[in-house]
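See below for the structure under consideration.
In my numbering, the protein residues as written are 1 to 348.
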């Protein structure tokens, strides 16, 4: 007998039954399972922009895997892996997801109680757009000549020039093409690692003021579509009081740390200032051919424990593709499953 308060609960109970059958075969033990998750938001974040752009069929497999382990959110990291009009002729079509594929995946995820949350670089990490001749004039490092390995350049440069009025027009257009494809009430504007900010065109200007000047414009666009904004928390952590003053109360900060052991002050700092936050762990699959479980096990376990202590919204487990995404999805499954498990039962 499966009993639940709603359809999602019944779906998760079915996954438990599937797992019991998988462990025991046709003859399963008599048992009573009373279960509910510790964290309401249990997500996975997959980089689809740096090296590996999965097919729709592969993304459906990812969704099936997450559903089996009772995760309820999936985000895809998009820099240039979508057919934005602005990237026509800059990024080849076979290296980009289409609107039809996004809509199909959104419906596929919804049927499995997974919220497909859109995530798009809208500040830094915009190599393909800003290194192009067409849009180099809205790059903070206008006229930058790449001098290192392609993957290093893609990783560390290419932040928009926030005070150029054309910047928000271009980024706003990209947001307008992307946001309506998703049924989720959330939108991740990213805004992390803006290393070049005020180091070129706007040299000498206040970096904090420039950062929140652009972020506020992005938030206004996202909210105009009825979405609740999410954003990475590294720049907010550098300026916590300014962030509290300038950001709306409904924003969700994605608080990330990928060290083996996460210090308690990292989630505590946002908690003390009243931010809504999701803690972001990592499978430690980037820069490796296979995930580094010696790092990910400690990282996921310690951050999940802090999440429960400070009553955060949930956990978003990340699988980044820095420097070419050489690690296949199937080689990061241990960290993915551990993240799902710790989201459901922190003390397991």
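For each residue, glycine too, the CB sits at the ideal point set by N, CA and C.
Worksheet entry | Classification of residue 5 by the beta-carbon crowding that lies within 10 angstroms, buried from 16 upward | exposed
Worksheet item: Which of helix, strand or coil does DSSP assign to residue 65?
Response: helix
Worksheet item: Going straight from the alpha carbon of residue 306 to that of residue 298, what length do you get?
Response: 12 Å
Worksheet entry | Per-residue burial, residue 209 [other beta carbons within 10 Å of its own, 16 or more giving buried] | exposed
Discussion item. Contact between the segment 79 to 97 and the segment 36 to 43 is defined here as three or more beta-carbon pairs at a separation below 8 Å; is this criterion met?
Written reply: no
Practice prompt. Would you mind listing the alpha helix (DSSP H) stretches within the segment 274 to 336 that are 4+ residues and don't spill past its ends, in chain order?
Written response: 293 to 309
Worksheet entry | The alpha helix (DSSP H) enclosing residue 9, as first and last residue numbers | 7 to 24
Worksheet item: Cβ atoms of residue 254 and residue 280: under 7 Å apart, would you say?
Response: yes
Item to complete: Output the boundary residues of the beta strand (DSSP E) element that contains residue 252.
Response: 252 to 256
Item to complete: My understanding is that residue 122 touches residue 171, with C-beta atoms under 8 Å, so please give their C-beta distance in whole angstroms.
Response: 5 Å
Item to complete: Give the C-beta separation of residue 311 and residue 51 to the nearest angstrom, bearing in mind that I take them to be a contact with Cβ-Cβ under 8 Å.
Response: Not quite, the Cβ-Cβ distance comes to about 37 Å (not below 8 Å), so this is no contact.
Discussion item. From the DSSP secondary-structure annotation, give me the bridge partner or partners of residue 139.
Written reply: 160
Item to complete: Figure out for me which residue from 242, 141 and 282 has the closest Cα to the Cα of residue 273.
Response: 242
Fill in: Distance between beta carbons of residue 252 and residue 237, contact taken as under 8 Å
Not a contact, Cβ separation roughly 15 Å.
Fill in: Nearest-angstrom Cα separation, counted from residue 58 out to residue 262
32 Å
Discussion item. What does the Cβ neighbour count give for residue 256, buried or exposed, with the cut at 16 atoms within 10 Å?
Written reply: buried
Worksheet item: Going by DSSP, which residues form a beta bridge with residue 232?
Response: 254
Discussion item. If the criterion is Cβ atoms closer than 7 Å, does the pair residue 303 and residue 151 meet it?
Written reply: no
Practice prompt. Buried or exposed for residue 19, please, with buried defined as at least 16 other CB atoms from any protein chain shown within 10 angstroms of its CB.
Written response: exposed
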